[in-house]
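Beneath this line is the structure, given in structure tokens, with notes to follow.
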Amino acid sequence: MKFGIYPGCSLTGSARDYNESVFALAKAFGLDFMQIPDWNCCGATAAHNLNKELSLALPARILALAEKSGMDEIIVPCAACYSRLVVTQHELKKNPELKNRICEVIEMDYRGTSGILNVIEWIDKYITPKLEEKIIKPFNYKVACYYGCLLVRPDKILNYDRAEDPQTLDIVMSKIGATPVDYPYKTECCGAGLSISRTDIVSKLSGKIIEDAEHRGADAIIVACPMCHSNLDMRRPDINKYWETEYKIPVIFVTQAIGLAIGLSPKEVGLKRHFVEVNIS
Amino acid sequence: MARIGVFVCHCGENISATVDCGKVAETIGKLKHVAYSTEYKYMCSDPGQTLIKDAIKEYNLTGVVVSACSPRMHEPTFRKACAEGGLNPFLCEMANLREHCSWVHEKNELTTEKAIDIVRTQVEKVKLNSALQPIKVPVTKTAMVIGGGIAGIQSALDIANTGHKVIMIERSPSIGGHMSQLSETFPTLDCSQCILTPRMVEVAQHPNITLYTYAEVESVEGFIGNFKVKVRKKAKSLDEKTCTGCGLCTTKCPQKKIPNEFEQGMGMRPAIYIPFPQAVPNRPVIDREHCTYYIKGKCKICEIVCPTKAIRFDQPDEILELEIGAIVVATGFDIKHSDFFPEYGYGKYKDIIDGLQFERLASASGPTSGAILRPSDGQVPKNIVFIACAGSRDPAKGIAYCSKICCMYTAKHAMLYKHKVHEGKAHVFYMDIRSAGKNYEEFVRRAIEEDYVNYIRGRVSTIFERDGKLIVKGVDTLLGAQPVEIVADMVVLATAGVASSGAEDLAQKLHVSYDAHKFFAEAHPKLKPVETNTAGIFLAGACQNPKDIPDSVSQASGAAVKVAALFSQSELTREPLVAVVNRTAPPMYSTCIGCFMCQSVCPYQAIEREDFKNRDGKIVKSVAKINEGLCQGCGTCVALCRSKSIDLYGYSNNQVYAEVMALLNEY
Amino acid sequence: MSHPEHHALRNSLAYSVEQNVEVTPQKCYQCGKCSAGCPVADEMDLPPSMVLRLLQTEVPANDDKVLRSHSIWLCVTCEMCLSRCPMEIDIPSMMDFLRQKSRREKKVNPKAKNIIAFHKSFLNSIRWTGRLYELGLILDYKRQSLNMTQDISLAPKMISRGKLHMFPGIIKGKAQIARIFKKTSN
Numbered sequence: 219m220k221f222g223i224y225p226g227c228s229l230t231g232s233a234r235d236y237n238e239s240v241f242a243l244a245k246a247f248g249l250d251f252m253q254i255p256d257w258n259c260c261g262a263t264a265a266h267n268l269n270k271e272l273s274l275a276l277p278a279r280i281l282a283l284a285e286k287s288g289m290d291e292i293i294v295p296c297a298a299c300y301s302r303l304v305v306t307q308h309e310l311k312k313n314p315e316l317k318n319r320i321c322e323v324i325e326m327d328y329r330g331t332s333g334i335l336n337v338i339e340w341i342d343k344y345i346t347p348k349l350e351e352k353i354i355k356p357f358n359y360k361v362a363c364y365y366g367c368l369l370v371r372p373d374k375i376l377n378y379d380r381a382e383d384p385q386t387l388d389i390v391m392s393k394i395g396a397t398p399v400d401y402p403y404k405t406e407c408c409g410a411g412l413s414i415s416r417t418d419i420v421s422k423l424s425g426k427i428i429e430d431a432e433h434r435g436a437d438a439i440i441v442a443c444p445m446c447h448s449n450l451d452m453r454r455p456d457i458n459k460y461w462e463t464e465y466k467i468p469v470i471f472v473t474q475a476i477g478l479a480i481g482l483s484p485k486e487v488g489l490k491r492h493f494v495e496v497n498i499s
Numbered sequence: 003m004a005r006i007g008v009f010v011c012h013c014g015e016n017i018s019a020t021v022d023c024g025k026v027a028e029t030i031g032k033l034k035h036v037a038y039s040t041e042y043k044y045m046c047s048d049p050g051q052t053l054i055k056d057a058i059k060e061y062n063l064t065g066v067v068v069s070a071c072s073p074r075m076h077e078p079t080f081r082k083a084c085a086e087g088g089l090n091p092f093l094c095e096m097a098n099l100r101e102h103c104s105w106v107h108e109k110n111e112l113t114t115e116k117a118i119d120i121v122r123t124q125v126e127k128v129k130l131n132s133a134l135q136p137i138k139v140p141v142t143k144t145a146m147v148i149g150g151g152i153a154g155i156q157s158a159l160d161i162a163n164t165g166h167k168v169i170m171i172e173r174s175p176s177i178g179g180h181m182s183q184l185s186e187t188f189p190t191l192d193c194s195q196c197i198l199t200p201r202m203v204e205v206a207q208h209p210n211i212t213l214y215t216y217a218e219v220e221s222v223e224g225f226i227g228n229f230k231v232k233v234r235k236k237a238k239s240l241d242e243k244t245c246t247g248c249g250l251c252t253t254k255c256p257q258k259k260i261p262n263e264f265e266q267g268m269g270m271r272p273a274i275y276i277p278f279p280q281a282v283p284n285r286p287v288i289d290r291e292h293c294t295y296y297i298k299g300k301c302k303i304c305e306i307v308c309p310t311k312a313i314r315f316d317q318p319d320e321i322l323e324l325e326i327g328a329i330v331v332a333t334g335f336d337i338k339h340s341d342f343f344p345e346y347g348y349g350k351y352k353d354i355i356d357g358l359q360f361e362r363l364a365s366a367s368g369p370t371s372g373a374i375l376r377p378s379d380g381q382v383p384k385n386i387v388f389i390a391c392a393g394s395r396d397p398a399k400g401i402a403y404c405s406k407i408c409c410m411y412t413a414k415h416a417m418l419y420k421h422k423v424h425e426g427k428a429h430v431f432y433m434d435i436r437s438a439g440k441n442y443e444e445f446v447r448r449a450i451e452e453d454y455v456n457y458i459r460g461r462v463s464t465i466f467e468r469d470g471k472l473i474v475k476g477v478d479t480l481l482g483a484q485p486v487e488i489v490a491d492m493v494v495l496a497t498a499g500v501a502s503s504g505a506e507d508l509a510q511k512l513h514v515s516y517d518a519h520k521f522f523a524e525a526h527p528k529l530k531p532v533e534t535n536t537a538g539i540f541l542a543g544a545c546q547n548p549k550d551i552p553d554s555v556s557q558a559s560g561a562a563v564k565v566a567a568l569f570s571q572s573e574l575t576r577e578p579l580v581a582v583v584n585r586t587a588p589p590m591y592s593t594c595i596g597c598f599m600c601q602s603v604c605p606y607q608a609i610e611r612e613d614f615k616n617r618d619g620k621i622v623k624s625v626a627k628i629n630e631g632l633c634q635g636c637g638t639c640v641a642l643c644r645s646k647s648i649d650l651y652g653y654s655n656n657q658v659y660a661e662v663m664a665l666l667n668e669y
Numbered sequence: 051m052s053h054p055e056h057h058a059l060r061n062s063l064a065y066s067v068e069q070n071v072e073v074t075p076q077k078c079y080q081c082g083k084c085s086a087g088c089p090v091a092d093e094m095d096l097p098p099s100m101v102l103r104l105l106q107t108e109v110p111a112n113d114d115k116v117l118r119s120h121s122i123w124l125c126v127t128c129e130m131c132l133s134r135c136p137m138e139i140d141i142p143s144m145m146d147f148l149r150q151k152s153r154r155e156k157k158v159n160p161k162a163k164n165i166i167a168f169h170k171s172f173l174n175s176i177r178w179t180g181r182l183y184e185l186g187l188i189l190d191y192k193r194q195s196l197n198m199t200q201d202i203s204l205a206p207k208m209i210s211r212g213k214l215h216m217f218p219g220i221i222k223g224k225a226q227i228a229r230i231f232k233k234t235s236n
């Protein structure tokens, strides 16, 4: 089996910490994967909002490149990129005429045969079988597992976890010793791509997510998406200003939490790059 | 010499819009052996039938082909007309020009050609028809009512009052059904048990009714007028005749924490229990799955304290074999529970309950003696939200239909809450209000205008718990889809009505049709709401579709009169279109070789063994024999028989061959 | 019997939606569950169920209202509406279609200017390098939105955390990407 990774634009830029933790975990568990050669941006929200064909062509090129490299499975740590890739694969499978048009646009052959894994699927499949024996510092904290929107919806296409009260991330966290709290905001939207153009909306929505997590006694919010992390972490000053309060709860990537549990240092998993201080480790 | 009469019906415009009936009549009229051929606008009408009767006499017809609609519509009509015209009714066939031709094709020459072909096949067939005589079977004048809810009770009483015997089977320890769980009924707010229990007692005391509770149907064989039903009387673990129903055992039983089915899980019961104080029969049963004696072999306290020594731990189940003439199915319905809703917490929030649970709270004999209290902490809810259409009218959840009763009982619940908690606030999230019965609309208006229940049009997207309260996120579509958030103490879901558990199994045992939702199928949605497609089995109540008490009672009485009509005849006549295994002179007796493969494929268990003995009493040959009382004429055995020893009256090999050859040959 | 050609010639926006997205606006029975669960409904001029109602009327003035609404741009495509809709109406895909149609017909709501500016800046960035150049995106957005001071305090913090690159990462296939953009432009 040949594995590829599609880091996406966030992991190489504003979510550098996430990238570091993913690669650190892969190294610790002896997993190898190669970046999809010459990968391009998946188009994220902007493409599907403005141009349907473009929103399918950009992900299709990525999948075609992966196929060309002989990759059987691609790991996609960014939930938004994951969503775009799976949806594109689904749309092109459903509509052969559309598929032919897109192949023409990207000037490449595309068969739609790659397996696409989000970060939790990757962890479940390749890390949790060997996890227990490697735990040195159990993550004995109460956590609010925040899935965001695109990991679980639209559930009929992603076929990953149940859309209401999903549990896969909660289960992974409890395997490293954490206690997930019952968290109704786990799939409520943080405001997504409006971070820059409507920061007020992001502040409002992300604030509610953070407030509920703190209210339920969580020590940290666990995320698996760089967009969610950015809105809950980088935007904290705006959120605090909007709600006229000081929310202190740190936001940690699931890969970072696992990294800490198996004894990696905070620096190794990128914790020092956060905006909100992480004083648990 | 065959002399066939052919009558081509226009069926108004149903056939004539696409088929040239005149041409069909004319072409058929030219065929050999067709003595008379004509067209008419409505053959099923009185003048139409008279046309047949007159033609039979005038042209000395030996066979009649009515080319019209499906025989399922009017075969009996035309056979009767022939009989009245002096021709054996089984010498009449129908050619289906409507469902098989005019309704499925466009108007053109090919359609008319096809119509002509269809008529020709029936003309060739009818030349080979025999003048059959109907088969007579006796009728057992005992009815069985399956289900002891209000529909079953009404049906049983009605049949019993016509003078016939009724056996009622109910699978729970007492009759009464869901109606016995209700606190008050709409639109009068009558106490439900007060109006029900007199009927229950009547059933128990009626000389014509034999009641078996804690009993289920095991198997059903036979046919209308002649069913053989096996009933399993589950062991109650006590002698019903010795037991006085004093109830001492139920107070002494140490196992007290079993979720009470009657209280919909809102209360507990012991292992030996009477479901509710007014139970009929008023005898406890032992729940063997939870009783310490059956699990560990210890305890036996009930046996020790029983004043009449009525406990029988080793009592086995009893199988009764009953001869029944007609069956009324009144097995009722169930409702979905709060765990059916992912967006409302998958059932993990204690203060989100369903309609039946609310009934038990409101009921004076319920777990809270009629006080509306939160299941989580026993406090009185000051702000309560009712959600209508919870699960119903929801294709995404697999329930596209409307459950009919929820709009009414939601209004009732809101009113009952307001009457008990004067300072409380009640909100109802609804999509539409369906209050079509007598005094129903006025009832709902009372809730809104007199009790100030806040009706909000919109559905609720999600509910979650925070600090012991329930956050309800809904919308007001009449205010332009303005989001509405209510912090509630309690939420009552008006959940979808669904088929009773075990409905599919029972339908299979009875050979009765059911739909995708496991509701039993009526024979015709408009005109036969209480009959099924299985002769002799009738429907009453919510097992057919969710409905309220007046409709259940009406339907039950309707089913009862169908049973009474059946029993008013001394014997039943059956269509003689059955299979027959040939018989010849001894020593052959039949070309049947006695392989009995037919017996293994017959869906109606209608094939028996006939032994032929010689003078010494030794069996020399065993051959198959069709029981004409059971045979439904499906033809499976005919097709299967390797020696071609079986034929079918009305659809014989020769007849079918003639139809095929008619299609293949020129005319 | 129903024959589609028996219905009067439909040239409404609803018909357009039916042809392009697998959504039949007539299926919506206005329960409002989508609006109830939408995170931005209280910011919208037309919550999602209202958008569907306007489409259902097949009245040109209402079609116009939809295309000129702020709502279609505020929608964050979080997919919550679709996951709860009892009729499984794909509102997110419909919103994408309405957004694209609104631009094609030049009926974009002026209040959505910044939101669209952001999307355009994002795509502009990818067009020339194949990957997102965040600094370039911000600068282009500021040029379009004329909001020079926004997030200015963030830049040094991002740089010190190594989260903001000074220079874009350009892929080898950048010409191919440019061609993809050209072929899909309309």
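Protein chains in written order, with the numbering used here: chain A, 219 to 499; chain B, 3 to 669; chain C, 51 to 236.
The C-beta atom is built at its ideal place from N, Cα and C for all residues, glycine as well.
Distance, residue j Cα to residue i Cα
{"i": "P277(B)", "j": "S176(B)", "result": "7 Å"}
{"i": "M100(C)", "j": "M144(C)", "result": "13 Å"}
{"i": "S185(B)", "j": "D192(B)", "result": "8 Å"}
{"i": "L283(A)", "j": "G223(C)", "result": "11 Å"}
{"i": "F675(B)", "j": "S405(B)", "result": "Any property of residue 675(B) remains undetermined from this structure, which presents chain B solely from 3 to 669."}
{"i": "Q634(B)", "j": "P552(B)", "result": "37 Å"}
{"i": "E95(B)", "j": "P136(B)", "result": "16 Å"}
{"i": "R371(A)", "j": "H308(A)", "result": "14 Å"}
{"i": "P283(B)", "j": "A206(B)", "result": "7 Å"}
Exposure of residue i, with buried meaning 16 or more beta-carbon neighbours within 10 Å
{"i": "F388(B)", "result": "buried"}
{"i": "R395(B)", "result": "buried"}
{"i": "Q80(C)", "result": "buried"}
{"i": "D618(B)", "result": "exposed"}
{"i": "Q571(B)", "result": "exposed"}
CB-CB length for residue i against residue j, believed under 8 Å
{"i": "K404(A)", "j": "Y365(A)", "result": "5 Å"}
{"i": "T333(B)", "j": "C11(B)", "result": "Contact flag wrong, Cβ pair sits at about 42 Å."}
{"i": "Y359(A)", "j": "D437(A)", "result": "4 Å"}
{"i": "S235(B)", "j": "E325(B)", "result": "The residue you asked about is not Ser; residue 235(B) is Lys in the sequence shown. Contact flag wrong, Cβ pair sits at about 17 Å."}
Beta-carbon contacts of residue i that lie in its chain and below 6 Å, excluding the five residues immediately before and after
{"i": "I227(C)", "result": "G180"}
{"i": "I223(A)", "result": "F251, Q253, I293"}
{"i": "V565(B)", "result": "A145, I161, A328"}
{"i": "C46(B)", "result": "H76, T79"}
{"i": "A153(B)", "result": "A332, A542, G543, S554, A558"}
8 Å CB neighbourhood of residue i in its chain, flanking five on each side removed
{"i": "V121(B)", "result": "V8, V10, V26, I30, V67, S69, A97, L99"}
Item checked: Continuous alpha helix (DSSP H) assignments of at least 4 residues falling wholly in the segment 353-379 of chain B -> Given a length threshold of 4 residues, each whole run of the alpha helix (DSSP H) inside the segment 353-379 of chain B is given here in chain order: 357-364.
Report the start-end ranges of each beta strand (DSSP E) in the segment 187-254 of chain B that is 3 residues or longer and not cut off at the edges.
As far as the segment 187-254 of chain B is concerned, its whole beta strand (DSSP E) runs of at least 3 residues are 211-215, 217-225, 228-235.
(message) Quick check for students: name the residue ranges of the alpha helix (DSSP H) that lie wholly in the segment 431-499 of chain A, counting only runs of 4 or more.
(response) The segment 431-499 of chain A contains, as complete alpha helix (DSSP H) runs of 4+ residues, the segments 444-447, 454-461, 472-479 (chain order).
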